[in-house]
Structures are given as C-alpha cells and as structure tokens.
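Notes follow the structure.
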Amino acid sequence: MAKNSAKDIEVKAFATHQIITQPNPLRKVLRRVDEKDLDDPVGRAEQALAGLSGEFKDWMTIEVNRLSAAYVAIRNDGFTRERRDELFHAAHDIKGDAATFGYPAASGIAESLCRVIEHAPDLERVPAELFTHHINAILAIVHENTKLDTISVSAELSRRLRKVADDYLTQVNRDRPEHLEVILAPSIAPAE
Amino acid sequence: MFRIDFNKLRFLVCDDNPHMRRILRTLLHSFGAREVYEAEDGATALEMYSHYVPDIVITDWAMPIFDGLELAQMIRQPESKGNPYAPIIMLTGHSEKRRVTVARDAGVTEFLAKPISAKGLYQRILNVVANPRPFIKTKTYFGPDRRRNTNSAYMGPERRVGEKHEVLQQPSLLDKARSTI
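Taken in order, these protein sequences are the chains called A and B.
Residue numbers for the first sequence follow our numbering, beginning at 1 and rising by one.
Residue numbers for the second sequence follow our numbering, beginning at 1001 and rising by one.
Shown next, in the form of structure tokens:
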C-alpha cells in the first residue's frame, strides 16, 4: 500500500535539485470521524504499557548486569574497540530505557557515562573512579529503588555525577572545541 | 477530526534491544496495528524492508552490523527497486541537536528522543501519515523536504537554485538604517 505507481509521481526539475511529489500513499488510513466517535489510542497504549510494568524491574536488572559485565571485562583486560563499544551500548540502552522502566535517575547517570565514553580523548586515562561511581550508582538505584525515600537521593546522585563528569570533560577537552561545544550544548530529550 | 486506521498499516521496527522492541510492539498493537515486523539489526531490517514493504519504519540509531542511520541511507536510494519514500521514524537515546541534523540529512522523516512515550510515538506516526512532505533530490541528498515550514520573513540567499525566488534579497544594514530615518 505504501508505494504509488511511477505515473503518480510528479518530478519538478530545477538547476540544482528535483522536487518529487506524489499523492499521499497513506491517505487511505486516515478517516474523518465525529468527535464523539474518536477513541483514545494514546490512553489505550499507556494502559498497555502500565500492564508491562511488572516486568520492568527484571528488564532493568538485565540491563545493569550487562553494563556491569562490560566494565568488568575492561577492568580485567583493558580497553579495546569492542569492549569500549559494548560499554557504550550498555550505558546507552540504559539511558534510553531506564526512564520508561521507572528509573529516571539511572537514565541520567547512564547519559553522563555515555558522555564520558564518547568525549574523553583517551579512555585509558580516565580515572577509574569516574566509571565505577557511575556504574555503582546505577546498580544501587536499581536495587534500592523500591524505597520511596531513595528517589530524591538518586536524583541528587545523578546531578552530582553529571557535574563531576562534565567538569572532567570540560577540562580534558579544553583544546577540542568541537567536543566542548557538544558537551556544553543542551539536550533535546524530553524532560523527566 | 481524523482517526488513523492502524490495522491497515504495516510497521517495521528495528532495535537491537529486545525490551524496547517489546515496548514498541505493545504500543503499536494498542494503537490498533496488526502487522508489526521486528528486526534486531540494520541488515535484517533492510532484508525485511524489501520483503514486507512496510508503510512506516521505526528504527533505533545504535545497532550492530549497520546502524539506523545507514539503514535510512540504504532505504533512501532513489534508483532502488524497493520503495525509497517510506516514512522513517528514528527512535533513539541520542539526544544532542547535532544528531537530529545528521539523522535529517540521512533522510529520516521524524526524530523521537527516548524515553519513549505513547503520545510522542502517536504524534510522530500521525505526522507522517497526515502531513507527508515532498521529496527533494540533489547531488548529495535524497529524502523528505528538510524545510518543514515556509518562513515568509526569511531574508537571505536561496540555497536551492532555479526556483521562482532564486535569491531573496536581504537589505543591507545601511539600507535598513536609511529607511528608518
């Protein structure tokens, strides 16, 4: 359904470019309805997501174990391209998933760790504590998150780790303006 | 008011993380979609893209073999036998502005930064279904028009040559100053 036939595609040619227009191939899935007949697909999806939430803790545990294993491999045998990538991907997945799973502070700490991995000029020279503090904080948040009184502590921990990481990255990238610009740029991620 | 008949849409979801695939599948099925195909890497996604001819592609950025950016570039091949026009929604943990620009320049239609929400995903799908943009082909780009809005107040050089208004004249600061005296 998604593709129009070639005769439906109109091409206007200009000196440096072409503009290609076609009838909307997805127009048939749009239906005009009265307001009273509108359903609530977003509400339905949110409910379905809430139905999955019983599994989030287990999923998060799998994700943090992967992160922990990736760092243990580096601590034992040093950085290689593959090990660096595995650590980055594990942290990056937590950054993307953790807030959905109910661990927004872990997401923030994972983001901070991703920034260290991405922007430190030499990962071998990054103080080991910067890695271990990030990873241990994520582990602690996931294991202790059932206690309501730890939520504000988690958020504070996330803020402080981000500040330490950013101070470090700003210092080591002072001669690398392209990295500095990215480090100091605001995030476009939706607010918590 | 418009409603999307999700049961008539075919989705291809590409993410190496099985938890995120499960979440996406759950959301899409809740919207009403029946056909949701899943791939865990870019190479498999490309194969499935040719085989199932999905209406909408939702892809992660960071993936093994080749990533979501490369997948978008491979789909956006104007001479390909497949469909180079399918909307591509990039759902990613990357949240820096420069990443949005890079994704846009690879032919991605919509960008959705994680954490995912039902509302955010629905809005992106509604946008690609209801407001498709024309495609632009240049020497270095093939994909949806990167200009989403027409800015009637824009003053500056026209970078696309040959259209009706090839160059928009920008009055110099001196001219502006003179006109206000």
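We put the beta carbon where it would ideally sit given N, CA and C, even for glycine.
What distance in whole Å lies between the Cβ atoms of residue j and residue i, which are believed to be in contact at a cut-off of 8 Å?
{"i": "A48 (chain A)", "j": "R66 (chain A)", "result": "Going by Cβ atoms, the distance from A48 (chain A) to R66 (chain A) rounds to 26 Å, so no, they are not a contact pair."}
{"i": "D1005 (chain B)", "j": "V29 (chain A)", "result": "5 Å"}
{"i": "D1263 (chain B)", "j": "L1024 (chain B)", "result": "Outside the displayed span of chain B (1001 to 1181) sits residue 1263 (chain B), for which this structure offers no information."}
{"i": "R1003 (chain B)", "j": "L38 (chain A)", "result": "6 Å"}
{"i": "K1097 (chain B)", "j": "A185 (chain A)", "result": "6 Å"}
{"i": "M1001 (chain B)", "j": "V33 (chain A)", "result": "6 Å"}
Can you check whether the CB of residue j is closer than 7 Å to the CB of residue i?
{"i": "F1111 (chain B)", "j": "A1103 (chain B)", "result": "yes"}
{"i": "I1065 (chain B)", "j": "A1043 (chain B)", "result": "yes"}
{"i": "V1057 (chain B)", "j": "I1088 (chain B)", "result": "yes"}
{"i": "A1062 (chain B)", "j": "H92 (chain A)", "result": "yes"}
{"i": "M60 (chain A)", "j": "F88 (chain A)", "result": "no"}
{"i": "R1010 (chain B)", "j": "E1035 (chain B)", "result": "yes"}
{"i": "L161 (chain A)", "j": "S112 (chain A)", "result": "yes"}
{"i": "R83 (chain A)", "j": "I74 (chain A)", "result": "yes"}
{"i": "G1107 (chain B)", "j": "G1068 (chain B)", "result": "no"}
{"i": "S154 (chain A)", "j": "A105 (chain A)", "result": "yes"}
Suppose you measure from the CA of residue i to the CA of residue j; what does that come to, to the nearest Å?
{"i": "L139 (chain A)", "j": "E129 (chain A)", "result": "15 Å"}
{"i": "T1109 (chain B)", "j": "V72 (chain A)", "result": "39 Å"}
{"i": "P1134 (chain B)", "j": "D1145 (chain B)", "result": "6 Å"}
{"i": "N1083 (chain B)", "j": "I1116 (chain B)", "result": "27 Å"}
{"i": "M1020 (chain B)", "j": "D97 (chain A)", "result": "7 Å"}
{"i": "I109 (chain A)", "j": "E156 (chain A)", "result": "11 Å"}
{"i": "E63 (chain A)", "j": "A120 (chain A)", "result": "23 Å"}
{"i": "M1074 (chain B)", "j": "A15 (chain A)", "result": "25 Å"}
{"i": "R176 (chain A)", "j": "V182 (chain A)", "result": "10 Å"}
{"i": "T1140 (chain B)", "j": "D167 (chain A)", "result": "39 Å"}
{"i": "E118 (chain A)", "j": "S5 (chain A)", "result": "44 Å"}
{"i": "R31 (chain A)", "j": "N24 (chain A)", "result": "14 Å"}
{"i": "K147 (chain A)", "j": "Q1123 (chain B)", "result": "Reliability of the predicted coordinates at K147 (chain A) is poor, the pLDDT of 48 falling under 50, and the value obtained from them is presented with this limitation in mind. Those two C-alpha atoms are separated by around 35 Å."}
{"i": "V1013 (chain B)", "j": "F1031 (chain B)", "result": "15 Å"}
{"i": "A70 (chain A)", "j": "I9 (chain A)", "result": "50 Å"}
{"i": "Y1132 (chain B)", "j": "R1148 (chain B)", "result": "Note on identity: in this sequence residue 1132 (chain B) is Pro, with Tyr being the wrong assignment. Their Cα atoms are separated by approximately 10 Å."}
Using three-state DSSP, classify residue i as helix, strand or coil.
{"i": "P104 (chain A)", "result": "helix"}
{"i": "I9 (chain A)", "result": "coil"}
{"i": "A1038 (chain B)", "result": "Looking at the sequence provided, one finds Glu at residue 1038 (chain B) rather than Ala. Of the three classes helix, strand and coil, the one that applies to E1038 (chain B) here is strand, per DSSP."}
{"i": "E181 (chain A)", "result": "helix"}
{"i": "I1065 (chain B)", "result": "coil"}
{"i": "E1096 (chain B)", "result": "strand"}
{"i": "A50 (chain A)", "result": "helix"}
{"i": "L130 (chain A)", "result": "helix"}
{"i": "M1001 (chain B)", "result": "coil"}
{"i": "L1009 (chain B)", "result": "coil"}
{"i": "K1139 (chain B)", "result": "coil"}
{"i": "E1079 (chain B)", "result": "coil"}
At a Cβ cut of 9 Å, what residues of the region 94-113 of chain A count as close to chain B, listed as they run along the chain?
I94, K95, G96, D97, A98, A99, T100, F101, P104, S107, A110 and E111
Going along the chain, which residues of the region 31-52 of chain A sit with their C-beta nearer than 9 Å to a C-beta in chain B?
R31, R32, V33, D34, E35, D37, L38, D39, P41, V42, G43, R44, A45, E46, Q47, A48, L49, G51 and L52
Can you give me, in chain order, the residues of the region 59-85 of chain A that have a beta carbon less than 7 Å from any beta carbon in chain B?
W59
Residues within the region 122-146 of chain A neighbouring chain B, beta-carbon criterion of under 9 Å
none
Proximal residues, the region 14-25 of chain A versus chain B, C-beta separation under 8 Å
F14, A15, T16, H17, Q18, I19, I20, T21, Q22, N24 and P25
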